[in-house]
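**Student:**
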Amino acid sequence: MSGPERRLSSADCGHCGAHSDDASRFCGDCGRAVRLACGFCGATVPFRRFCANCGLLLRRSLLEPGRAAIAVPQPQAQAQPVADVSRLHDTAVEGAVSRATPPDELTTKIRAAGADIVGERRKVVVLFSDVSGFTAMSEKMDPEEIHGIMNECFTGLVDVIYRYEGYIDKFIGDCIMALFGAPLAHEDDVARALFASLEMEQWLAEYSETLEKRTGVGLGMHSGVNYGTVVAGGLGSDLRMDYTVIGDTVNVASRLESAAQRGETFVSETVHAVGRRQFQFRDVEPLTLKGKQRPVPAFALVAARDDPEPIRGVDEFELVLVGRDAQLAQVRAAGADALASGGGVVSLIGEPGVGKSRLAVEFLQSAGVATTRTLRAACLSYTTRAPYYLFQELLKSWAGVAPSDTPDVVRAELQGALGSLDADLGEWEPYLQVLLAPGDEAAAEALANLDPQTRQRLTDRAIVETLHAIAGSGSVVVACDDLHWIDEASERVLGRLVDGVTDVPLLVLAIYRQEFDPKWPESSWTRLRLEALPDDHTRALVSALLGGAELPEAFVELVGSKSSGNPYFVEEVLRSFVDSGALTRVGGEWRLDEDADAADVPDALQAVIMGRLDSTPEECRRIMQIASVIGHEFGSDMLGELGWGLSEAAASLEYLRSLGMLTETQPVPEQRHAFRQEFVREVSYETLLLSARRELHGQVADATEQLQGRGASPALLLDHSVKAQRWANGVQYALRSAAEARDVYANRAAAAYYDQALELMDRVAEDDPAHDGSRDRIAVLEGLGAVHSLMGEYDESMTAYEGMLEQTGSLQETAPDEGRVRRAEALRSLASVHVRRGEYDQALGRLEEAVTVLEGRATDDARRESSNALAQIASVHFQRGEYDLTREFSQRSHTIADEIGAAREAAFANLIWGLAAYRQGDAADARERFETSLAARERLGDINGVAAVLQNLGNLSMDQTDYDGAEGHYTQCLAIRRKVGDVAGTANVLNGLGNVCLARVDYDGAAQRFGECLEIFEGIGAGFGIAVATLNLGAIENERENLDAARDYLRRALEAAGPLKARDLIADITAATARVNAEAGDWDAAGEAATDALTVAREMANPGIEAKALWALATVTLAAGDHGMAREHFTVGVAASRSAELKLWEARLLLGRAAAEQAAGSTTAASADLDAAEAAFPTPRPARDARRVRELRAALDA
């Protein structure tokens, strides 16, 4: 419950708060005036700022304690102005008082610490700071100006106090009383108070210097600081001036302030004892203070120290491994087998501190392994969304890349490392360079023309190929620690590395907690789960750590019970005894203090670590806290950037190493340290107050950018910015992080970054409602929609793109041209999702609106976007089989792109144009468009685009019976698809190569290719690919005259194609089904299927499918004896096949017409058609076609 509001009574001292009798004129505690005589009206009044009789400001002297305070008499004519000034002065103080409510975050902390503190004894630092100079100022300056100065002064000083999470207890005249340690306690309250005092003095000095230049009058301050026990209570519900402390600690602080001269801060002996390692002091004569029988030692605060005293540490425990002999033997055996037989995986699994990393170290130092190249890296708790973090660290250790290396240095180191390998990995250098030096803009530019999915695949392959090459030059161990924090991209690459681990002498040593559950091949994987040590092994560990010292059994039992068999906990419990002085090393032997209190050992590991941290000197705790903000590993250069001198940090770092809290990972000159256990970092971090965390994270972010420039990880900078509450900075780092994730196709991570960016934008808007963040929001929502679409999350994608569309309205108001372009892009993005859903009408509606939005806009950006929208319209029409419209819109797109020199857009328009021409049988135009597009893609370095055009050229050559040409194009395409790891693309090319085999009557080869293709498509769930592969397998069985098997494949093809609503594919399958039924003599089914296929083919103006359907329909008609209608169908079919340049089908249709002529008795016409058919048939000729030619020739010759 809140305590009553505390107010000074009429007899309370206005300086120290001590109670005096009503008749007293001076305080019995501090010697200052309690009652004053008003110099204007003569009334004797209690010490207050104004006379209760006439309202005049009552001035007190600034003399030593014990001197009388007086009221300043003023002539009658000047009384009113002076009274006005005094009231303005008091208003300024009241303004500072009103603002003395703690900031929201501090308020939350105070409440969390306990808002109902009443009558509690607490250790508190009390700071009194008295500002002087207002009296002289009031005699020279206008009252309003004085009011503004006072307002600024008190506000500035209060802000400093709150920055160190102090608490404003009260204002007493021109004096501020502040508390550190109540109502909110920190482990460094003395330091906070002293830092605050120094900063207040500095702030006031700078403010006063400016003020004196302007007014001729300056301000000064003198302070007193004491540390001790007080009685605290009365924290009100509004946390405003209702909380206070009383006791001798307060009185001494007030007297120290009174004794100090202007510009001085006097501190007590207790403050000096705690702060001497961090601050400089000078001795002053002991002070004779009223109420104290003996002189009180005092010291004057000078500055914060930049040369902390060297600290001696304790000896390190013996480095031992106890109770893990069986597991070590298993790891050694599995590792030896793996390296000898071609590779494998060993997993060490267990809870924190159970000894996974220690066991790994012991294994790596084993005979036979110690001489093997080892690459080791650990994932971190804050890198779970940093793509490739694990492999960046592994490859940096291999290439010798340091965090501070510039891109040029990284390139030289990488080239040297690659040159040392037996394999030629030159083609992978750009991908590795970008991985190891993310800020290398030149390297990134070399990969700029790759789409994200291709870049991801190539980066994955570059990493795996490099590690294989390293292993190829000599066996290698890849040790991966803390995999429970692995990022998405690293997990994917690690999976691929493990899948192929038996191909090379490479051992993956995987270390992780139970929550990580990889799915790796069982055949090459050994898993070891580490449990807590049993009691006997725990006792053995205690003995081993202490060098075999004979200590009381009860002590050993205590350590065992406290640690629960966790080796790391065992060590930390022992260290807590060492830190407390209960366990000491004398003459090389450990001894236990008989008076050691076992109850002082906490039961939880966190409490043990916290206790050990509390026992270290202030400068050591500070380094641990700063380091915990930097991360698991940190360099001396970072500490230097944060203001630590190398010499002053060296002693503390050495001491922390001796305590086993830190370990040196790299020696000087580029010295680096790491937390020996991540748990220590977490506990160190938790000791930081939120305000300190914010400030430190901001400083670390600035230092990281200063040291690493563009090479700094945006994900790391994002983490620091968010924790520093730098929302605007965080937005930019989130965008950069998302872009990096998208570049390597880490779409889930990219989506998370985009979502985080939106949250940060909301924070920015809360802080600054006038901020126009439409551009950033558009960029974020565009990226978010794209990654959701790539992941097949179309509802989420639509939502993001709709949000993007909405934001463009705001942008159009301030930047009309840019706003229209972005609006068109949003509409085109929405259309792309409609297309993926098969919603072609909605897609066209969005695209037509996009074209309308850009009408009349002549900027290059607007015209480029118009070209994109028109090309996408053409693409939609192509998918609907509307080839005339496809050619019309692709031509319009190409014209615009050509006019503005947009090579990429022109190449895409040419490709769509060529596809439409190909479908309409205009092979010459199709080839010209394809080859033009191919040349452009090659110039752009767009290897995926090159592959797409090569595949279409292969299709075109295939239809023209240029099987060698088709095979050449497909083979080139297959090499690209496999290089980039494009699984679906690989299957598509295999399908084309299968068609080449089929045309060459190599049915076994065709079946193998189509079978591989089907397996891939089924593995990735690609319905369209499944339909095409089963259609082609059905064609093989048809040519083999296995008609039932052919029907089965075609039924499966139709089932796969049906839900896709791909009319041209369905029509092609239906035409093939008609042919099989005709071959089987099922005339009704054949006629029905042929009619359906023909209808769709003509609606879609697809002459290829029309020719196939007409063959089946004519065959059915011929079987029915209608020779004339059959001949007509065959004739139309011949024309269609020639239009589509389908030589095989042209030959089949001519052969069918010859049979119809022969059946009708027109032998001359039949012979002519048969001659034409034989000339048209490609070589080699399908067996059934060859047989029919022979049979018809024999019949005509008979």
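Going by this note's numbering, the sequence shown opens with residue 134, and the numbers climb by one from there. Even glycine gets a Cβ: it sits at the ideal position worked out from N, Cα and C. Quick caveat: nothing in here was measured; it's all calculated off a predicted structure.
Use the C-beta contact count for Glu478: other C-beta atoms within 10 angstroms, 16 or more gives buried, fewer gives exposed.
**Tutor:** In the sequence under discussion, the amino acid at residue 478 is Val, which differs from the Glu named in the question. Flag for Val478 reads buried.
**Student:** Over the uninterrupted alpha helix (DSSP H) stretch that includes Cys308, give me the two end residues.
**Tutor:** Run containing Cys308: none in the alpha helix (DSSP H); it sits in the beta strand (DSSP E), 308-313.
**Student:** Under 6 Å Cβ to Cβ from Ala1200, same chain only, skipping five residues before and after it: list those, please.
**Tutor:** The residues are Ala1226, Val1229, Ala1230, Ile1238.
**Student:** Starting from Val429, trace the beta strand (DSSP E) both ways and give me its first and last residue.
**Tutor:** Taken as a continuous stretch (DSSP letters only), the beta strand (DSSP E) holding Val429 covers 429-437.
**Student:** State the Cα-Cα distance for the pair Pro276 and Asp770, rounded to the nearest angstrom.
**Tutor:** In a straight line, the C-alpha of Pro276 is about 52 Å away from that of Asp770.
**Student:** Hey, quick one: how far does the beta strand (DSSP E) through Leu481 stretch, first residue to last?
**Tutor:** That run of the beta strand (DSSP E) goes 477-482.
**Student:** Buried or exposed: where does Ala550 fall if 16 or more other Cβ atoms within 10 Å of its Cβ makes it buried?
**Tutor:** Ala550 should be labelled buried.
**Student:** Checking 7 Å against the spacing of the C-beta atoms, do Glu751 and Gln498 come in under that value?
**Tutor:** No, the Cβ-Cβ distance between Glu751 and Gln498 is not below 7 Å.
**Student:** On a CA-only basis, which of Lys425, Val703, Gln832, Ala324 is nearest Gly776? Give me that one, please.
**Tutor:** It is Gln832 whose Cα lies nearest to the Cα of Gly776.
**Student:** Jot down the residue ranges of each uninterrupted alpha helix (DSSP H) in the region 1207-1287, minimum 4 residues, whole runs only, in chain order.
**Tutor:** Counting only runs of 4 or more, we get 1216-1232, 1236-1252, 1256-1273.
**Student:** I'd like to confirm the pairing. Which residues does DSSP put opposite Gly353 in its beta bridges?
**Tutor:** Paired residue(s): Ser265.
**Student:** Return the CA-CA distance between Ser870 and Gly942, expressed in angstroms with no decimal places.
**Tutor:** So the alpha carbons of these two residues sit roughly 27 Å apart.
**Student:** Just to confirm, are Ile1149 and Ala1120 a CB contact at a threshold of 7 Å?
**Tutor:** Going by C-beta atoms, Ile1149 is nearer than 7 Å to Ala1120.
**Student:** Determine the extent of the alpha helix (DSSP H) in which Thr112 is found, giving its start and end residues.
**Tutor:** For the chain, the structure presents residues 134 to 1331; residue 112 sits outside this window and is missing.
**Student:** DSSP three-state call for Leu938: helix, strand or coil?
**Tutor:** Reduced to three states, the DSSP call for Leu938 is helix.
**Student:** Please tell me whether Leu420 and Val407 are closer than 7 Å, where the distance is taken between their beta carbons.
**Tutor:** Going by C-beta atoms, Leu420 is not nearer than 7 Å to Val407.
**Student:** Where Glu418 and Ala393 are concerned, what is the direct C-alpha to C-alpha distance, given to the nearest angstrom?
**Tutor:** The straight-line gap from Cα to Cα measures roughly 12 Å.
**Student:** Just list the residues that DSSP pairs Asn1085 with in beta bridges.
**Tutor:** Asn1085 pairs with nothing; no bridge assigned.
**Student:** Taking one C-beta from the region 616-633 and one from the region 513-525 each time, how about it: are there three or more such pairs within less than 8 Å?
**Tutor:** Yes: at least three Cβ pairs fall under 8 Å.
**Student:** Could you tell me the boundaries of the alpha helix (DSSP H) in which Phe649 lies?
**Tutor:** Taken as a continuous stretch (DSSP letters only), Phe649 belongs to no alpha helix (DSSP H), as it is neither H nor E.
**Student:** Leaving out five residues before and five after Ala1299 in sequence, what residues of the same chain have Cβ atoms less than 7 Å from its Cβ?
**Tutor:** Cβ neighbours of Ala1299 beyond the five flanking positions: Ala1287, Glu1290, Gln1291, Leu1329.
**Student:** Considering only residues of the same chain and omitting the five flanking positions on each side of Ala1007, which have a CB-CB separation below 6 Å?
**Tutor:** Contacts found: Thr1019, Phe1022, Ser1023, Ile1045.
**Student:** What are the start and end residues of the alpha helix (DSSP H) that includes Val692?
**Tutor:** It spans 686-696 - the alpha helix (DSSP H) in which Val692 sits, taken as one unbroken run.
**Student:** Excluding five sequence neighbours on each side, which residues of the same chain lie with their C-beta closer than 7 Å to the C-beta of Leu851?
**Tutor:** Result list for Leu851: Gly863, Tyr866, Ala867, Ser870, in chain order.
**Student:** Does the Cβ of Ser922 have 16 or more other Cβ atoms within 10 Å, making it buried, or fewer, making it exposed?
**Tutor:** Result: buried.
**Student:** Are the beta-carbon atoms of Glu390 and Phe261 separated by less than 7 Å?
**Tutor:** The answer is yes: Cβ separation under 7 Å.
**Student:** Smallest Cα separation from Leu914: which of Ile301, Glu892, Val897?
**Tutor:** Out of Ile301, Glu892, Val897, Glu892 has the C-alpha closest to the C-alpha of Leu914.
**Student:** For Ile309 and Glu774, what's the separation of their Cα atoms in angstroms?
**Tutor:** Cα-Cα distance, rounded: 34 Å.
**Student:** Over what stretch of residues does the beta strand (DSSP E) that includes Lys425 continue unbroken?
**Tutor:** Taken as a continuous stretch (DSSP letters only), Lys425 belongs to no beta strand (DSSP E), as it is neither H nor E.
**Student:** Going residue by residue through the region 808-868, where are the continuous beta strand (DSSP E) segments of at least 3 residues, counting only ones entirely within it?
**Tutor:** Here no run is fully enclosed.
**Student:** Taking the alpha carbon of Ala535 as the reference point, which residue from Val494, Thr798, Ala715 has its own alpha carbon closest?
**Tutor:** Nearest of Val494, Thr798, Ala715 to Ala535, Cα basis: Thr798.
**Student:** Quick check on the burial criterion: 16 or more other C-beta atoms within 10 angstroms. Buried or exposed for Thr1297?
**Tutor:** Result: exposed.
**Student:** Using 8 Å for Cβ pairs, my map puts Arg646 next to His617. What's the rounded Cβ distance?
**Tutor:** About 4 Å; that satisfies the 8 Å criterion.
**Student:** Are the beta-carbon atoms of Ile301 and Ala311 separated by less than 7 Å?
**Tutor:** Cβ distance < 7 Å, so Ile301 and Ala311 count as in contact.
**Student:** Between the Cα of Gln335 and those of Ala324, Leu352, Arg347, spot the shortest distance and give me the residue it belongs to.
**Tutor:** Looking at the Cα atoms, Leu352 is the closest of the given residues.
**Student:** Could you check if Pro685 is buried or exposed, using at least 16 other CB atoms within 10 Å of its CB as the buried criterion?
**Tutor:** Its Cβ having fewer than 16 others within 10 Å, Pro685 is exposed.
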